[in-house]
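Engineer:
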Amino acid sequence: MSAPRKMLFDGEKANPATVVTVESYDFDLFVIGAGSGGVRAARTSAGFGVKVAICELPFNPISSEVTGGVGGTCVIRGCVPKKILVYGAQFGGEFEDARNFGWELNDHIDFNWKKLLHNKTKEIERLNGVYKRLLSNAGVTLFEGEGRLVSSNIVEVTQSDGSKQKYSTKNILIATGSRAQRVNIPGQELAITSDEALSLDELPKRVVILGAGYIAVEFASIWRGMGSEVDLVYRKELPLRGFDDEMRAVVARNLEGRGIRLHPGKNLLELSKIEKSIKAVTDHGDVFIADTVLFATGRLPNTKRLNLQAVGVELDKTGAVKVDEYSQTTVPNIWAIGDVTNRMNLTPVALMEGTCFSKTVFGGQPIKPDYANIPSAVFWGLKSFLTLCIVLRVPFDWRVPWFALDVHLAPRSTSRLSRCSSPV
Ligand SMILES: Cc1cc2nc3c(=O)[nH]c(=O)nc-3n(C[C@H](O)[C@H](O)[C@H](O)COP(=O)(O)OP(=O)(O)OC[C@H]3O[C@@H](n4cnc5c(N)ncnc54)[C@H](O)[C@@H]3O)c2cc1C
Numbered sequence: 007m008s009a010p011r012k013m014l015f016d017g018e019k020a021n022p023a024t025v026v027t028v029e030s031y032d033f034d035l036f037v038i039g040a041g042s043g044g045v046r047a048a049r050t051s052a053g054f055g056v057k058v059a060i061c062e063l064p065f066n067p068i069s070s071e072v073t074g075g076v077g078g079t080c081v082i083r084g085c086v087p088k089k090i091l092v093y094g095a096q097f098g099g100e101f102e103d104a105r106n107f108g109w110e111l112n113d114h115i116d117f118n119w120k121k122l123l124h125n126k127t128k129e130i131e132r133l134n135g136v137y138k139r140l141l142s143n144a145g146v147t148l149f150e151g152e153g154r155l156v157s158s159n160i161v162e163v164t165q166s167d168g169s170k171q172k173y174s175t176k177n178i179l180i181a182t183g184s185r186a187q188r189v190n191i192p193g194q195e196l197a198i199t200s201d202e203a204l205s206l207d208e209l210p211k212r213v214v215i216l217g218a219g220y221i222a223v224e225f226a227s228i229w230r231g232m233g234s235e236v237d238l239v240y241r242k243e244l245p246l247r248g249f250d251d252e253m254r255a256v257v258a259r260n261l262e263g264r265g266i267r268l269h270p271g272k273n274l275l276e277l278s279k280i281e282k283s284i285k286a287v288t289d290h291g292d293v294f295i296a297d298t299v300l301f302a303t304g305r306l307p308n309t310k311r312l313n314l315q316a317v318g319v320e321l322d323k324t325g326a327v328k329v330d331e332y333s334q335t336t337v338p339n340i341w342a343i344g345d346v347t348n349r350m351n352l353t354p355v356a357l358m359e360g361t362c363f364s365k366t367v368f369g370g371q372p373i374k375p376d377y378a379n380i381p382s383a384v385f386w387g388l389k390s391f392l393t394l395c396i397v398l399r400v401p402f403d404w405r406v407p408w409f410a411l412d413v414h415l416a417p418r419s420t421s422r423l424s425r426c427s428s429p430v
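Per my numbering, numbering of the sequence shown is gapless, rising by one per residue and ending at 430.
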């Protein structure tokens with residue numbers, strides 16, 4: 007690491023009176039976390055001619071405090087693998103319908119879960135490579151390891167072998183995203199989160215899902231589409247809290263119509279092992295016997311091990327980094343974008359925040375992320391795309407490419423659309 011050093015102006019002698027302090031750092035920007043937001047911010051900043059480094063945990067489809075991978079949640083254990091499974095599940099119903107349209111199919115249609123999972127893994131490994139190339143082509147230096155702040159200008163990277171290296175930097179960008187949380191109930195270790203759900207060795211025949219956000223609803227649809235028995239347990243009256251109430255009721259009816267058993271107003275109390283199965287008991291006394299129990303009960307920002315508060319970066323009560331409208335934290339040269347700030351946790355939003363950050367800090371064009379009109383897509387309609395299309399402000403935004411839409415709901419007070427492919 008080169009520390010900030012004293013320099014002389016050209017031709018001047020080493021007279022203490024003429025020595026001035028010029029700060030010189032290893033990097034102009036050090037980004038911690040190479041997910042959607044971090045990669046976008048790193049490469050667009052490098053595009054402005056500054057010296058950029060980024061660090062990321064070693065690749066693993068299941069994330070932890072010490073595993074991750076270039077590409078982040080969306081590419082490795084979020085949007086992309088989820089969509090691959092959504093597409094896979096969609097065919098079941100199509101095959102059935104096809105018979106009514108003259109297609110002669112054998113009585114028995116085989117489905118090979120392992121093949122789908124193998125192809126999914128190949129695809130996320132390919133994308134991991136694409137993201138790495140994007141960074142190197144942009145001239146960004148990539149370090150593999152866990153980043154942590156030593157001071158407001160020094161980042162320490164710990165590699166898998168335990169060796170540590172410190173780098174000085176003028177600016178730091180926190181883009182460490184979030185991780186799925188487990189519910190604190192007896193037997194919680196028997197349950198899985200969305201990370202493991204996207205990497206299961208076998209297709210579970212009986213599934214209990216706790217939660218009713220978009221991730222819960224999407225996994226219910228995926229597994230049901232592949233023929234599993236699915237019980238969806240959630241505390242509210244309707245799934246998809248935060249979305250338009252009328253549409254929530256439509257979704258609930260359709261999920262039931264598809265054979266997903268809904269259990270509103272309930273919570274899981276405890277899990278226990280019964281031979282090879284899991285017994286799940288609700289607070290209303292229902293008992294389910296399942297192969298897999300999925301906790302889809304929310305995510306928390308990855309801030310615990312970054313040493314942020316020690317250097318003056320404030321967090322909110324959920325552990326998210328507090329930022330102003332320009333993504334600047336309470337320490338002026340430290341910035342944060344994406345899920346770690348818990349503003350609107352979607353990939354296109356993390357990308358937008360990354361672009362705004364680089365324009366503001368290095369492009370001389372201060373610009374705030376604009377959160378108006380960001381619609382959300384929920385992948386629950388297995389048989390047809392564009393099952394629903396509802397927006398509040400305008401009837402339909404024709405500028406949105408059709409491929410980007412599955413179900414188009416109107417959440418909260420404004421319309422939102424998320425493109426669930428993986429723009430970088
Ligand atoms: C199952 C699922 C489905 C989803 N589907 C969609 C969807 O369809 N559409 C959509 O828009 N969004 C979707 N999302 C949300 C989307 O994935 C996130 O909003 C997006 O990835 C956030 O980007 P980010 O850059 O903030 O964080 P991330 O992509 O999570 O990247 C953060 C990176 O930081 C790394 N990291 C963490 N700590 C450290 C450290 N100390 N040092 C080094 N590296 C570190 C992590 O390993 C990770 O790679 C989904 C999420 C999940 C879980």
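Idealized CB from N, CA, C, for every residue including glycine.
Keep in mind it's a predicted model, so treat the numbers as computed, not measured.
1. Would you decide whether Glu243 is buried or exposed? Buried here means 16 or more other CB atoms lie within 10 Å of its CB.
2. Would you mind reading off the limits of the beta strand (DSSP E) that contains Trp119?
3. Have a look at Ala356 and Gly98 and give me their C-alpha separation to the nearest angstrom.
4. Please report the distance separating the alpha-carbon of Thr127 from that of Ser30.
5. Near Thr147, what residues of its chain come up, given a Cβ to Cβ distance below 6 Å and the 5 sequence neighbours on each side ignored?
6. With a threshold of 16 other CB atoms inside 10 Å of the CB of Phe101, please say whether the residue is buried or exposed.
7. Measure the beta-carbon distance from Val346 to Thr309 and round it to whole angstroms, keeping in mind my assumption that it falls under 8 Å.
8. Just reading off the alpha helix (DSSP H) that Lys157 is part of, what are its end residues?
9. For Asp113, name the three-state secondary structure that DSSP assigns.
10. Do Asp251 and Val214 have their beta-carbon atoms positioned less than 7 Å apart in this structure?
11. CA-CA distance, Arg247 and Thr303?
12. Determine the DSSP secondary structure at Ala356, reduced to helix, strand or coil.
13. Using the rule of at least 16 other Cβ atoms within 10 Å of the residue's Cβ for burial, across every protein chain shown, is Ser382 buried or exposed?
14. Considering only the beta carbon of each residue, do Ser364 and Ser42 sit closer than 7 Å?
15. Taking the alpha carbon of Gly74 as the point to measure from, which residue in Ala95, Phe54 and Gly39 has its own alpha carbon closest?
16. Please state if the CB of Pro375 and the CB of Glu359 are separated by a distance shorter than 7 Å.
17. Please determine, among Asn177, Arg230 and Gly344, the residue with the shortest C-alpha to C-alpha distance to Thr361.
18. Within 10 angstroms of the Cβ of His124, are there 16 or more other Cβ atoms? Answer buried if so, exposed if not.
19. Starting from Arg49, trace the alpha helix (DSSP H) in both directions and tell me its first and last residue.
20. Would you decide whether Phe409 is buried or exposed? Buried here means 16 or more other CB atoms lie within 10 Å of its CB.
21. Going by DSSP, what residue range makes up the beta strand (DSSP E) through Phe33?
22. My guess is that Val384 and Tyr240 are in contact by the Cβ rule of under 8 Å, so how many angstroms apart are they, rounded?
23. Gly153 to Ala203, Cα distance in whole Å?
24. If we ignore side chains and look at the alpha-carbon of each, how far apart do Leu261 and Leu268 end up?
25. Measure the C-alpha to C-alpha separation of Ala95 and Ile284 and round it to an integer number of angstroms.
26. Would you check whether ligand 1 has a heavy atom nearer than 6 Å to the C-beta of Asn379?
27. For my contact list, Leu133 and Leu312 are in at a C-beta cut-off of 8 Å; report their separation, rounded to the angstrom.
28. Where Thr335 and Asn190 are concerned, what is the direct C-alpha to C-alpha distance, given to the nearest angstrom?
29. Could you tell me which residues DSSP pairs with Trp341 in its beta bridges?
30. By DSSP, does Asn194 sit in helix, in strand, or in coil?
Structural biologist: So, to answer that:
1. exposed
2. Trp119 -> not in any beta strand (DSSP E); alpha helix (DSSP H) instead, spanning Trp119 to Asn143.
3. 34 Å
4. 42 Å
5. Ala59
6. exposed
7. 6 Å
8. The residue asked about is misnamed: residue 157 is Ser in this sequence, not Lys. Per DSSP, Ser157 belongs to no alpha helix (DSSP H); it is in the beta strand (DSSP E), Glu152 to Ser157.
9. coil
10. no
11. 12 Å
12. helix
13. buried
14. no
15. Gly39
16. yes
17. Gly344
18. exposed
19. Ser42 to Ala52
20. With a pLDDT of 34 at Phe409, under the threshold of 50, the predicted position of this residue should be treated as unreliable, though the coordinate-derived value follows. It counts as exposed.
21. Phe33 to Ile38
22. No, Val384 and Tyr240 are not in contact; Cβ-Cβ is about 15 Å, not under 8 Å.
23. 27 Å
24. 8 Å
25. 24 Å
26. no
27. About 26 Å; that fails the 8 Å criterion.
28. 31 Å
29. Leu179 and Gln334
30. Checking the sequence, you will find Gln at residue 194 rather than Asn. Correct three-state label for Gln194: helix.
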